[in-house]
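For what it's worth, UniProt numbering labels the leading residue of the sequence shown as 1, then goes sequentially. Beta carbons are placed, not taken as given, at the ideal position from N, Cα and C, and that holds for glycine. On a predicted model such as this, the values are computed, not experimentally measured, just so you know. Working notes for the structure below.
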Amino acid sequence: MEMQATCIHSLLTLKKRMKNLYMFKAERIPILVATDLASRGLDIPTVDLVINFDVPVEPIDFVHRTGRTARAGRGGTAVTFVTQFDIKLIYSIEEYAGITLEEVDQKLQSTEDQVLDDMPLMSKVMQSIKIRISEGGFEDKLEKYRKQKHNFKNRKSESDNKKQNKQGFQMRKQKTDTKKQTFKRKKVAEESKE
Numbered sequence: 001m002e003m004q005a006t007c008i009h010s011l012l013t014l015k016k017r018m019k020n021l022y023m024f025k026a027e028r029i030p031i032l033v034a035t036d037l038a039s040r041g042l043d044i045p046t047v048d049l050v051i052n053f054d055v056p057v058e059p060i061d062f063v064h065r066t067g068r069t070a071r072a073g074r075g076g077t078a079v080t081f082v083t084q085f086d087i088k089l090i091y092s093i094e095e096y097a098g099i100t101l102e103e104v105d106q107k108l109q110s111t112e113d114q115v116l117d118d119m120p121l122m123s124k125v126m127q128s129i130k131i132r133i134s135e136g137g138f139e140d141k142l143e144k145y146r147k148q149k150h151n152f153k154n155r156k157s158e159s160d161n162k163k164q165n166k167q168g169f170q171m172r173k174q175k176t177d178t179k180k181q182t183f184k185r186k187k188v189a190e191e192s193k194e
């Protein structure tokens, strides 16, 4: 069974994002993998499942993410992967949203055999996602972005160093000028005593 997926993230051009979104909305591609870029402002009434790979730090982000499902009176499900490190975040989400999140019943959790049975399907989905990401040049764009960010930080650092050096020079010059003035005053005071 082959699963197709598309993605939306900030390194895609607006045109590519819109194309991917159209393909998902038109139900030509059943899976949309997205960053928080897609958590607000998208109205896709037919979304019936949202999976949060991680727990958002801000409770409002959880509300927006899960709000992509169960729209216009429809039902929907949101699943969030939670680790022991996320418990405080879950409590803050529950408090913020005024809800109690349900833990998956032990009976519904996958057994080891079920997980092993599902691995080929998950592997295909992950492979499809990786292919889509590589086709979109995501890794190249991400590397380019990181280099630009690094270069910007270096230029900013060099600029800051130049400013600091200039300020340091001005401060040293000021101190030297002050010492000269003090020396001149002393010399004038000594000459006037004579």
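| Asked | Found |
| --- | --- |
| DSSP state of threonine 66 mapped onto helix, strand, coil | helix |
| Beta-carbon proximity of proline 56 to arginine 65, cut-off 8 Å | yes |
| Under the three-state DSSP convention, the category leucine 49 falls into | strand |
| Proximity winner among Lys130, Asp43, Thr77 and Ala38, relative to glutamine 4 (alpha-carbon distances) | Lys130 |
| Beta-carbon proximity check, valine 47 vs alanine 97, cutoff 8 Å | no |
| Alanine 97, enclosing alpha helix (DSSP H) - first and last residue | 87-97 |
| Test item: CB-CB of isoleucine 93 and valine 82 under 8 Å | no |
| Same chain, Cβ closer than 7 Å to valine 33, neighbours up to 5 away in sequence not counted | Ala5, Cys7 and Ile129 |
| Beta-carbon spacing of leucine 11, leucine 142 below 8 Å | yes |
| Arginine 74 beta carbon less than 8 Å from that of proline 45 | yes |
| Cα-Cα separation, lysine 153 to glutamate 58 | 27 Å |
| Separation of arginine 155 from lysine 79, as counted between CA atoms | Correcting the residue identity first, residue 79 is valine in this sequence and not lysine. Cα to Cα, the separation comes out at about 43 Å. |
| C-alpha gap between histidine 9 and threonine 100, whole angstroms | 30 Å |
| Residues near alanine 26 by beta carbon distance below 8 Å, same chain, minus five either side | none |
| For phenylalanine 53 and threonine 77, the rounded distance between their alpha carbons | 14 Å |
| Cα-Cα separation between valine 104 and aspartate 43, rounded to whole angstroms | 28 Å |
| N- and C-terminal bounds of the alpha helix (DSSP H) containing leucine 21 | 14-25 |
| Classification of serine 123 by the beta-carbon crowding that lies within 10 angstroms, buried from 16 upward | exposed |
| Which of helix, strand or coil DSSP assigns to leucine 101 | coil |
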